[in-house]
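Protein chains in written order, with the working numbering: chain V, 137 to 570; chain W, 923 to 1273; chain U, 155 to 449.
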């Protein structure tokens, strides 16, 4: 289909007319321009967001709140008139099954069949990379808020992707900061690594080991252990870790496996022998594992609500979600970041004065946006939002029925402190796109 | 009287000569040519997917319907073909991300031979077994190959997959790519047809029906099975080669048992007993999936239930059911006419 | 030489082995007697885990939370799942006995998809876990989870119990005979359909026991069945279909090999198991203790 045909189609589709009818109604529309107020009010075409998240696979557990929370946020946006006060927002959800080719296919379906204007997603970085090929080719806005491989904003960069989640480098960087401080205090010399054997795990591990080697070169990695995704029995790994008698351990473990590991390690008393700083413990883990999570361990989060209680956007967001989902309905990290993506869209449209993708892409480049984490800016060269990573101690709070990070020891490591590549390096990494 | 008139029509003649695939194939072909005229670009993409996966399913049926063995690792060859193409594509494309038409076609050509070689290696071990053990060993090898592609970061980029498989501008147009795919699939299917209707093809059917008798007749059972295994792998590689540029990326799940399961489902739905069954199964499966996923996340429940119902009530698939109906109608029209039709069918080749 | 690390790897290996045994025993038995490879075996195991969780939580709410609630929870789950197994056999699997092998395989394959979504329908997307409040104990200069003794104990008890059943009871001997020759058993006037129903229910009941026993250690989540079915197949292939002894020995081999691989070649633990499976299938397809007749 030629570009001309595509434009015809877009036009007739939005007006819900067949090609033939359009010709006749064109004359009628001409008549309507005599009453300008009428026409402008009718100009509010709905803005469609396609949400690409898994309801199957390792990520499903994590995305539950985000999937149910987005419609609530969108309803509130629509009550204010929608984008630019006149475009009601509609949401279409598709399951990626945590498979890249399914993600690519559903992205095509959303774009070509549902005619979405933007895509929010995904959970898995591998799926995100496949989806990026599609959004770039079809020139559709793509807001990422969970998948956080640095490749998304660097090697596989496309101007249409904006990243609202701290990327894997920023996250490892935060752990390096926390660990180097603790290592100095406790005189740590050796550590053992345990990682999920796939791209994110390897990437995170590399980020940590290279980062730590720079700031504390005397600390040595005694052993590296990798396990396949979906490991159900960590006992042998835990006994091996304890046998190595390291000063601390580093983990590149996320998702269901992280929960399994924490449960089994806790029951084996691993954390009494070997400190485990910086494992990913997000708000959904704190809520879900409130009975089993060992207290006092140092965790890493991406967007915990309790770190930004002073932000008015966060306050309103918490209130709304608790009204919709009950007193325990505090939003988790993933839901927060998708909420920020929606806010980013709204502000991008406002800055651009239009809902066209090209205008929003241009308006958001290097721009600052108000988020539930405060005012944040996008990095010019990679469209990465400059957001912190959060390191804290799991602690029982009197204010919540689940543990949070202890406020007085929680560290916020700013994105720009630890994004390891300079913009020059990033530009070199970016692959050339046709 | 009317029964007689029906039997001399063109579809009836095709049925008499080629079995149920006879009349169904031209209908599918006509529908295929008409797809790009449907409104919107979306259905052209769906159609391309139907064709590629249908070819994959037909290659699987060489082992299943024709040779009687079920393989749960066939996607390994589909995936290996996809990766071979993807890697050559990446090597040949220019610094600006564009690839020339000649280089693009070259990258497609490398998929099938690499898939065939892999099938030769895997088949060497698998054809020594049959039945459940064949099924499990193919599954094990499939998973092993998945594991290798998944883990070998330096060579295959691991679970990241390979992106950037954007074809040359002419092929980026979905209609052009669709007809290109259709042409390749038609040629591949024609080649498969020649193979299944050759003496080799009939040896396969003998292996399916009674391996021991085939051996007594002097057929080298292992060699024949291996040859068929390699051929099936090669055609799976053709489908895989097309998949990368179609989807614009490849990833290791293309080799896993989930993907193998897709070929099995398509074949079952369409009917393993006929040549064109798997392709019809692909039409039904792919379109069903596209529609169901618009309304619910419970796709596994849907397809699982359909497979269950087919296994219990219509194991021959859609075409199997239709074929039975046609034969039953004809039998009802009198013994003599049924006899004549049976005699005519016995002489002509039947899939 | 410090023997402690190796003893501990052995201990964790045995614990892993017993979980695998509990899960694979049912699979092996079903295939051995009925010649049905139940792809959905691990999915039934996962379903049992969720059922155990629900019963445990319910009992805790009614009678006060206590780790001992796990015992009736497991008993309840086993009963429920045995009924489910019985129903599956009676209404679905029974129709495929005289069918070709691929159709039987596809039926159980379809059940994997259906049951997986049933779990999602009933329990939703979020993971489920229970906490028994178990404290680690000191052993060999390190800490271990005492619950693993429970697992090893259960595994051994079930192994012994199965052996007694198969070798000392009349019913068990009939089941063993059916592994060797269905037609002979039938010719002796014993109703094969009843035997099949019993064996299938028993197999699923064993999987349910495995699910319940493992629940304190493993959070139940969608897709866990697919993660564990591979190891399950490995055990049954290596040990030989239909042989309980084979399943037991193979479980120990797989569990211990895996455990020690972690010390020496951590990346390759699963690859090692794969290679053993492929080697067995090539050299001796009926497994270490399987009957050659079935090949």
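Glycine is no exception: its CB is placed at the ideal position from the N, C-alpha and C atoms. Model, not experiment: these values are computed from the prediction.
Notebook entry, point to check: residue 472 of chain V and residue 517 of chain V look like a contact to me (Cβ under 8 Å); what is the Cβ gap, rounded to whole Å?
Noted result: Contact doesn't hold; Cβ gap of about 25 Å is too wide.
Item checked: Best match in V:417, V:364, V:189 and V:354 for proximity to residue 531 of chain V [C-alpha to C-alpha] -> V:417
Note to self: Please list, in chain order, the chain V residues whose beta carbon lies closer than 8 Å to that of residue 373 of chain U.
What the structure shows: 392, 395, 396 and 399
Next item on the list: In the DSSP assignment, find the alpha helix (DSSP H) that holds residue 935 of chain W and state where it starts and stops.
Entry: 932–940
Note to self: Give me the residue from W:1010, W:997, W:1226 and W:1124 with the minimum Cα distance to residue 264 of chain U.
What the structure shows: W:1226
Check: What residues in its chain sit with their C-beta under 6 Å from that of residue 105 of chain V, if we drop five residues either side in the sequence?
Finding: Residue 105 of chain V lies beyond the stretch modelled for chain V, which goes from 137 to 570, so this question has no answer here.
Check: Going along the chain, which unbroken runs of the alpha helix (DSSP H) with 4 or more residues stay wholly within the region 467–550 of chain V?
Finding: 469–488 and 493–500
Notebook entry, point to check: What is the rounded straight-line gap between the Cα of residue 209 of chain V and the Cα of residue 436 of chain V?
Noted result: 26 Å
Next item on the list: With DSSP collapsed to three states, give me the class of residue 331 of chain V.
Entry: strand
Next item on the list: With 9 Å as the threshold, decide whether the Cβ of residue 138 of chain U is near any Cβ in chain W.
Entry: Because chain U spans 155 through 449 in this model, residue 138 of chain U falls outside it and cannot be assessed.
Notebook entry, point to check: Using a Cβ cut-off of 8 Å, which residues of the region 1046–1075 of chain W contact any Cβ in chain U, in chain order?
Noted result: 1047, 1050, 1051, 1053, 1054, 1055, 1057, 1058, 1059, 1061, 1062, 1063, 1065, 1066, 1069 and 1073
Next item on the list: Taking all protein chains shown into account, decide if residue 392 of chain V is buried (16 or more other Cβ within 10 angstroms of its Cβ) or exposed.
Entry: buried
Check: For the 8 Å Cβ check, are there 3 or more pairs between the region 328–342 of chain V and the region 375–390 of chain V?
Finding: yes
Notebook entry, point to check: If we cut at 9 Å on Cβ distances, does residue 263 of chain U have a partner in chain W?
Noted result: yes
Notebook entry, point to check: Is any beta-carbon of chain V found at less than 9 Å from that of residue 192 of chain U?
Noted result: no
Notebook entry, point to check: Got a sec? Which residues, its chain only, sit under 6 Å from residue 473 of chain U by beta carbon, not counting five neighbours each side?
Noted result: Absent from the model: residue 473 of chain U. The displayed extent of chain U is 155 to 449, so no value can be given.
Notebook entry, point to check: According to DSSP, what are the bridge partners of residue 282 of chain U?
Noted result: U:374
Check: Looking only at DSSP bridge pairs, what is residue 183 of chain V linked to?
Finding: V:225
Check: Anyone know if the C-beta pair for residue 479 of chain V and residue 499 of chain V falls short of 9 Å?
Finding: no
Margin query: Could you check whether the Cβ of residue 303 of chain U sits closer than 9 Å to any Cβ belonging to chain V?
Written below: no
Item checked: 7 Å Cβ cut-off: residues of chain W touching residue 295 of chain V -> Per Cβ cutoff of 7 Å: no residues; residue 295 of chain V is ~14 Å from chain W at best.
Checklist line | Chain-order list of residues whose beta-carbon lies under 7 Å from that of residue 178 of chain V (same chain, five-residue window excluded) | finding: Reliability of the predicted coordinates at residue 178 of chain V is poor, the pLDDT of 38 falling under 50, and the value obtained from them is presented with this limitation in mind. Excluding sequence neighbours, residue 178 of chain V sits near nothing in its chain.
Check: chain V beta carbons: is any one of them nearer than 9 Å to that of residue 180 of chain U?
Finding: no
Notebook entry, point to check: With respect to the alpha helix (DSSP H) encompassing residue 170 of chain U, which residues constitute its N-terminal and C-terminal limits?
Noted result: 158–188
Item checked: Which listed residue (U:346, U:324, U:261 and U:366) has its alpha carbon closest to that of residue 208 of chain U -> U:366
Next item on the list: State the Cα-Cα distance for the pair residue 1244 of chain W and residue 1267 of chain W, rounded to the nearest angstrom.
Entry: 17 Å
Margin query: Please state the DSSP three-state secondary structure of residue 552 of chain V.
Written below: helix
Margin query: For a cutoff of 9 Å on Cβ pairs, would you count residue 342 of chain V as touching chain U?
Written below: no
Note to self: Just checking: is the beta-carbon of residue 423 of chain U within a distance shorter than 9 Å of some beta-carbon in chain W?
What the structure shows: no
Checklist line | Pairwise C-alpha distance: residue 1185 of chain W and residue 996 of chain W | finding: 8 Å
Notebook entry, point to check: So is residue 334 of chain V in contact with chain W if we call contact Cβ pairs under 9 Å?
Noted result: yes
Check: So, do the region 520–530 of chain V and the region 541–555 of chain V have three or more beta carbon pairs nearer to each other than 8 Å?
Finding: yes
Next item on the list: Would you decide whether residue 169 of chain V is buried or exposed? Buried here means 16 or more other CB atoms lie within 10 Å of its CB.
Entry: With a pLDDT of 31 at residue 169 of chain V, under the threshold of 50, the predicted position of this residue should be treated as unreliable, and no value is reported.
Next item on the list: Compile a chain-ordered list of the residues in the region 1197–1216 of chain W whose CB is closer than 7 Å to at least one CB of chain V.
Entry: 1212 and 1215
Next item on the list: Measure the C-alpha to C-alpha separation of residue 520 of chain V and residue 194 of chain V and round it to an integer number of angstroms.
Entry: 25 Å
Note to self: Please return the same chain residues whose Cβ sits closer than 6 Å to the Cβ of residue 487 of chain V, not counting the five positions on each side in sequence.
What the structure shows: 499
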